[in-house]
């Protein structure tokens, strides 16, 4: 029986007389070849080889990372390599590829179905239909993923599934959804999804922020909570914090930069009783701020390894290597202090380093603790203070209310932490800033350590979960006039930072609530209050506050774009 085949391009054929190698591709049509094998045509290699890569991406973009699919991924890579070798040396092996059009018409739709079917099989949350390979990343190209995901949630619901490349991500966008994740299923959903650029071996295994809730994590968190951020330790460092804030007087600087440096110095004295930053000086003291900022920027950069976990081992962008290099540079700024204290057996300093040495911590554990103390805490607090200043400059009448309260409660004295409980309007302005501009709009990524049910939907094991605190803070069902800066809404309210009210969770909630909350709740009002109490502020070139744009940029934190520039004048 003679069978007809579609025209194809070949570079090597085998007949009954052996191999026929062609220096250039030839076209074959009709039944002239190998009529004894009517089911297949002896095609060595299709010149239209991109079809292999397209089919491969279709297939692997359909599944989360797993060892099963890793095996098949490398199997297909091996197959592609074999095909390439066969093209170069066709005498190696005769490869038969089915070319019946019916096969292709069935194969391609099947692969596409593999991409779309898992959601219905697993009863996953609803969400926008993802594109093959890229998923829903087109929606994120605006540079404001927190805003785009908030808009999508209004269509698809409070619990939503999106795909960033091949990575499935669950998005919670309402107080009810946040309650289910951070309270009802707190244990099961308390795992961490670690961005690839931060998977540094010597750091992650000792991390409080990024490790799962193991016994080791509980020990590290207990020490940090009872020693670094305890009321006793914070009270002991009270005069140091007030002194560092007072040093801001008389300096006209970019707000976010100087606030960041002030926070580093406050933390430097809490951690090892030293300044780590002095504005305007050169050398290592300025290096701390620069290196930490660079490391945070690298960690926030888009990374193919996060979107396609199967590529993680390649580190295509080099972000993991860059983070490791910055990490070593940052550690170099304090390793001399740690070594000196360890060798001299000096127990006169009542700081966090003394606590860690007394508990037998090695250098790797100390480095991880210090890095997480200096990095995220300084960035989130300085970002919040900058947003608060911007909102108050846009609303002169609210700035006047804050200043009047400070004059009434503090007078001509220096602001101290003992004044803070009486500064209710200042505290309300900070809370309203955190509602509108949460420094961490998605908190820190969670991961399901087991499969579970949330709001009637299945959350499979190892799925990444993001709580959109930005969307929750602007939920019209939870807040009146949600897009307007109204500090007064907090004056007659019992809302606090401690995760007890799930429509206001700037620091998260549950067992993963921000460890640095006690320190942040003191330093942010102290620094913001001191800036307003000591200076009169205006915008450059006499710009009216109403014209100040509030454009956001998503980095590791939600920052202003561009940074706020304001002109201070020392008050009489």
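Numbering (the UniProt record's numbering), first residue to last: 1 to 572.
Idealized CB from N, CA, C, for every residue including glycine.
Cβ distance (whole Å) where residue i is taken to contact residue j below 8 Å
{"i": "residue 451", "j": "residue 460", "result": "5 Å"}
{"i": "residue 375", "j": "residue 295", "result": "7 Å"}
{"i": "residue 473", "j": "residue 435", "result": "4 Å"}
{"i": "residue 392", "j": "residue 566", "result": "About 10 Å; that fails the 8 Å criterion."}
{"i": "residue 535", "j": "residue 568", "result": "4 Å"}
{"i": "residue 158", "j": "residue 184", "result": "Rounded, the Cβ-Cβ distance is 14 Å, inconsistent with contact."}
{"i": "residue 144", "j": "residue 552", "result": "6 Å"}
{"i": "residue 223", "j": "residue 345", "result": "Not quite, the Cβ-Cβ distance comes to about 20 Å (not below 8 Å), so this is no contact."}
Reduced DSSP category for residue i - H, G, I as helix; E, B as strand; rest coil
{"i": "residue 411", "result": "coil"}
{"i": "residue 33", "result": "A caution first: residue 33 carries a pLDDT of 43, below 50, which makes its placement in the model unreliable, though a value can still be read off. Of the three classes helix, strand and coil, the one that applies to residue 33 here is coil, per DSSP."}
{"i": "residue 560", "result": "strand"}
{"i": "residue 552", "result": "strand"}
{"i": "residue 470", "result": "helix"}
{"i": "residue 567", "result": "strand"}
{"i": "residue 445", "result": "coil"}
{"i": "residue 98", "result": "At residue 98, the pLDDT of 47 sits below 50, so the modelled position is not reliable; the number obtained from the coordinates is stated separately. Looking at residue 98 - three-state DSSP - the assignment turns out to be coil, as it is neither helix nor strand."}
{"i": "residue 536", "result": "strand"}
{"i": "residue 169", "result": "strand"}
{"i": "residue 465", "result": "strand"}
{"i": "residue 523", "result": "helix"}
{"i": "residue 360", "result": "coil"}
{"i": "residue 387", "result": "helix"}
{"i": "residue 193", "result": "coil"}
{"i": "residue 459", "result": "strand"}
{"i": "residue 105", "result": "Because the pLDDT of residue 105 is 47, which lies under 50, any placement of that residue in the model is unreliable, and the number read from its coordinates should be weighed accordingly. Helix."}
{"i": "residue 572", "result": "coil"}
{"i": "residue 135", "result": "strand"}
{"i": "residue 230", "result": "coil"}
{"i": "residue 188", "result": "coil"}
{"i": "residue 370", "result": "helix"}
{"i": "residue 243", "result": "helix"}
{"i": "residue 490", "result": "helix"}
Proximity of residue i and residue j at Cβ, strictly below 7 Å
{"i": "residue 558", "j": "residue 446", "result": "no"}
{"i": "residue 382", "j": "residue 209", "result": "no"}
{"i": "residue 191", "j": "residue 162", "result": "no"}
{"i": "residue 197", "j": "residue 291", "result": "no"}
{"i": "residue 402", "j": "residue 425", "result": "yes"}
{"i": "residue 439", "j": "residue 380", "result": "yes"}
{"i": "residue 527", "j": "residue 386", "result": "no"}
{"i": "residue 443", "j": "residue 533", "result": "no"}
{"i": "residue 458", "j": "residue 124", "result": "yes"}
{"i": "residue 463", "j": "residue 130", "result": "no"}
{"i": "residue 229", "j": "residue 518", "result": "yes"}
{"i": "residue 140", "j": "residue 324", "result": "no"}
{"i": "residue 289", "j": "residue 332", "result": "no"}
{"i": "residue 189", "j": "residue 570", "result": "no"}
Cβ neighbours of residue i in the same chain (closer than 8 Å, five flanking residues each side left out)
{"i": "residue 153", "result": "160, 171, 173, 174, 468, 471"}
{"i": "residue 513", "result": "498, 499, 507"}
{"i": "residue 525", "result": "420, 423, 426, 427, 430"}
{"i": "residue 195", "result": "299, 303, 306, 445"}
{"i": "residue 217", "result": "208, 211"}
{"i": "residue 329", "result": "287, 291"}
Residue i, enclosing beta strand (DSSP E) - first and last residue
{"i": "residue 163", "result": "159-164"}
{"i": "residue 145", "result": "Segment 145-156 is the alpha helix (DSSP H) holding residue 145; no beta strand (DSSP E) there."}
{"i": "residue 453", "result": "452-454"}
{"i": "residue 331", "result": "Residue 331 -> not in any beta strand (DSSP E); alpha helix (DSSP H) instead, spanning 319-344."}
Contacting residues, own chain, Cβ-Cβ under 6 Å from residue i (five flanking each side not counted)
{"i": "residue 272", "result": "337, 351, 353"}
{"i": "residue 220", "result": "208"}
{"i": "residue 399", "result": "392"}
Contacting residues, own chain, Cβ-Cβ under 7 Å from residue i (five flanking each side not counted)
{"i": "residue 433", "result": "384, 387, 388, 391"}
{"i": "residue 268", "result": "274, 275, 276"}
{"i": "residue 496", "result": "none"}
{"i": "residue 573", "result": "The first residue shown for the chain is 1 and the last is 572, placing residue 573 beyond what the model contains."}
{"i": "residue 186", "result": "510, 511"}
{"i": "residue 396", "result": "545"}
{"i": "residue 555", "result": "297, 300"}
{"i": "residue 265", "result": "244, 275, 276, 277"}
{"i": "residue 572", "result": "none"}
{"i": "residue 370", "result": "271, 334"}
{"i": "residue 516", "result": "229, 377"}
{"i": "residue 122", "result": "458, 460"}
Alpha helix (DSSP H) segment containing residue i, residue limits
{"i": "residue 223", "result": "215-223"}
{"i": "residue 175", "result": "175-179"}
{"i": "residue 301", "result": "No alpha helix (DSSP H) holds residue 301; DSSP gives it neither H nor E."}
{"i": "residue 258", "result": "255-272"}
{"i": "residue 201", "result": "201-204"}
{"i": "residue 428", "result": "424-436"}
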